[in-house]
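Take a look at the structure set out below.
Spelled out as C-alpha cells, the structure:
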C-alpha cells in the first residue's frame, strides 16, 4: 500500500509541460552565451541563462535576472506544471518590482533540464542553484530569500531548514506534504514526499505564507498550518477568493511581497548595525581585537519604478474582488488540471 500511495503522490507531484515551452540556443556572437529564443530579449534587462550540473549528474537550466538596485537575491522554485519559458516574464517583473536579483531554475526533467523529476532530484537541483549564487554571484546567506510556489515549497523548505542565516522565506500556495494533498492523514508516513510539515520548524528566519482561500488544488489549511508552525512568523497574506494559479494577479500580492522584502531588509540592517555597535564598543575596551560588519541593506526610501508591467495588469483587478484570467504561466496549468485531474 505504501509503495502504491507513494507512486501516486509522486505522479501528481511532477507534471512537466510536454513539450517544453522553450529551447536553448548558444549565441556565437557573444562567446556562446545561452539564450531562450521564445522570450523577448530586453536591452534594459540583464539576464544570464545558465546550465548547472547538480550532484546527481543532471544538467539544470537556470536564469539569473540582475537588478542594479537590488539589495537582496531571490531564489525561486516554481510549481509543478510550469517551466522557465512560462515563468520568464514573471521572473523579470518580480525582479523589477521587488528590486531584487532573481534566480529561477527548472527541476530535473523539466524544460531543457536533463534527468527525471523526483523529490530527491529537486533537492539536488535547488542545491546546484544555491551553490551557483554563492560561487558565481557572491551571494551571502543573509542576502538570500528563498521562494517556493506549490510543489516548489518542498525544495525551498528543505534547503531553508539547513541554512541558519537566511534573510527570509516565501511560501506561495505551499503544501504540508505530498500525501496530505491527496488524503487528510494525521501523521507522516515514511513513503510521503516533501514533508514540509516536519521541516518548517527548523527554519530560522522570517517566513511569509501566501495562499488563496478558494484554492481547490492545495487547500488553504496547508498554508495556515505551515504559518502556525513557523518559528519566525511574518504577517501572512490570505487572498480572499484566490485560487491555486492566479494569486499574482491580485494587487495585494505584489504590495505584500514588497512590504516583506523591505521589512526583512530593515531587520537585517538593524541587526547588523547592533552587531557593529557592539563590535566597536568591544574594540574600544580591547584594542587588539577587530570586528567586521555586513552593511548589506535595503533602502526603504527608494522611489517606485514606473513601468507598464505587472502592476498595470494588476490594476485591472482593483475594481473587482475577482482577478482577471492569468496571461502568464497559469493557463496551461488549468488545462492540465482539467485534463489530468489534481496537480499542484
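Residue numbers (the numbering used here): 6 to 349. Think of the CB as a built atom: it goes at the ideal place given N, C-alpha and C, for glycine as much as any other residue. For clarity, every value in this text was computed on a predicted model and none was experimentally measured.
DSSP three-state label for residue 117, please. coil
Assess, as a yes-or-no matter, whether the region 91-107 is touched by the region 256-266 under the definition of 3 or more beta carbon pairs within less than 8 Å. yes
Taking only runs that begin and end inside the region 140-220, name each unbroken beta strand (DSSP E) of 3 or more residues, in chain order. 149-154, 173-177, 211-217, all fully within the region 140-220.
How about residue 212 and residue 176: do their beta carbons lie closer than 8 Å? yes
From the DSSP output, in three-state form, read off residue 266 for me. In the three-state DSSP reduction, residue 266 falls in the helix class (H, G or I).
DSSP beta-bridge partners for residue 69? 53, 108
So, helix, strand or coil for residue 128, using DSSP? helix
Return yes when the Cβ of residue 78 is within less than 8 Å of the Cβ of residue 50, no when it is not. no
Using DSSP bridges, identify the partner residues of residue 34. Within the DSSP bridge table, the entry for residue 34 names no partner.
By DSSP, does residue 61 sit in helix, in strand, or in coil? coil
Using DSSP with H/G/I as helix, E/B as strand and the rest coil, what is residue 79? Correct three-state label for residue 79: strand.
So what's residue 240 in DSSP terms, helix, strand or just coil? coil
Let me make sure I understand the geometry here. Which of 190, 139, 112 has the alpha-carbon closest to that of residue 158? Nearest C-alpha to residue 158: 112.
Short of 6 Å in beta carbon distance, which residues of its chain neighbour residue 160, apart from the five on each side in sequence? Order them along the chain. Here the set comprises 82, 127, 128, 131.
Where the alpha helix (DSSP H) containing residue 227 begins and where it ends: 225-234
Does the Cβ-Cβ distance between residue 143 and residue 179 come in under 8 Å? Cβ atoms of residue 143 and residue 179: not closer than 8 Å.
What did DSSP end up calling residue 27 once you bin it into helix, strand or coil? coil
To the nearest angstrom, report how far apart residue 210 and residue 183 are at their CA atoms. Approximately 24 Å, taken between the alpha carbons.
Does the separation of the CB atoms of residue 273 and residue 124 fall below 8 Å? no
In whole angstroms, what is the alpha-carbon distance linking residue 198 and residue 34? 44 Å
Can residue 206 and residue 155 be called in contact, C-beta distance under 8 Å? no
With C-beta atoms as the reference, is residue 42 less than 8 Å away from residue 30? Taking a C-beta distance under 8 Å as the contact criterion, residue 42 and residue 30 qualify as a contact pair.
In terms of residue numbering, what span does the alpha helix (DSSP H) encompassing residue 100 cover? Segment 89-103, the alpha helix (DSSP H) holding residue 100.
Please state the DSSP three-state secondary structure of residue 135. helix
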